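By this note's numbering, the letter at position 140 of the sequence shown is numbered 483, and the numbering carries on one by one without gaps. Where is the CB? At the ideal position from N, CA and C, for every residue including glycine. Computed from a predicted structure; not experimentally measured.
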Amino acid sequence: MQASCVLSPQARKLSLPETCGKSRARPVEPDARTHMLLAKPIAPTILRLAVPNSTVMIVQILIGLLEVYFVSRTGVDGPAGVSPVFPLVSLVVAIAQGALGGGIVTTVARLLGAGRIGDAGEYAWYAVVLGVPLGLATTAVMVALGPTLYGHMGVSGSALEIAVSYSFTIFVGAVVIWLFTS
344 MQASCVLSPQ ARKLSLPETC GKSRARPVEP DARTHMLLAK PIAPTILRLA
394 VPNSTVMIVQ ILIGLLEVYF VSRTGVDGPA GVSPVFPLVS LVVAIAQGAL
444 GGGIVTTVAR LLGAGRIGDA GEYAWYAVVL GVPLGLATTA VMVALGPTLY
494 GHMGVSGSAL EIAVSYSFTI FVGAVVIWLF TS
């Protein structure tokens, strides 16, 4: 025996079709990863998910500390030469992470959430297609205009030589910066 279907007054006004007698589709079984997130204990799951990000952060901190250590051993001119380059490196990293990286990660996450895994893999390659030319352009601009820019910032003498050398060392690898942060 089928139960009678009662439509609300709002549904009657909108003349919605009756759905009482129709069978509903069975919910899709979650995959193993979704099951882990929903059913396993929360603390071990969060710790397991945090390990890759924590590892990257620790490596970045260690690289920064090593860099500071070596620059500090060069005397007063070392920090004076590195100081004008650092904001430009930070700007490139912020643009690469925020603009390119944020857009790619968001798009890939949306596609994965929609179950379009093949498309997500394809979009990940866009980070490479965009990151390589942007990295090469960053390298070209900073190698060509870096010394003039640092001179306009007031850097001169030995500090300018160190700034140009440090800038060259960092920005020759701009493609890697763009690829790793996107």
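For the options LEU390, LEU522, LEU434 and THR398, the alpha carbon positioned closest to that of ALA470 is the one of LEU522. The three-state secondary structure of ASP374, taken from DSSP, is coil. CA-to-CA, the gap between SER525 and TRP468 works out to about 10 Å. Taking HIS495 as reference, the option from VAL428, VAL436, GLY441 and PRO387 with the minimal CA-CA separation is VAL428. As summarised for the region 435-496, the continuous alpha helix (DSSP H) elements at least 4 residues long and confined to that stretch are 445-456 and 460-495, given in chain order. Burial is judged here by how many other beta carbons sit within 10 angstroms of a residue's own beta carbon; VAL419 has fewer than 16 and is exposed. Restricting attention to ILE460, MET485 and LEU477, the CA atom closest to the CA of ALA442 is found in LEU477.
TYR509 and MET400 have their alpha carbons spaced roughly 23 Å apart.
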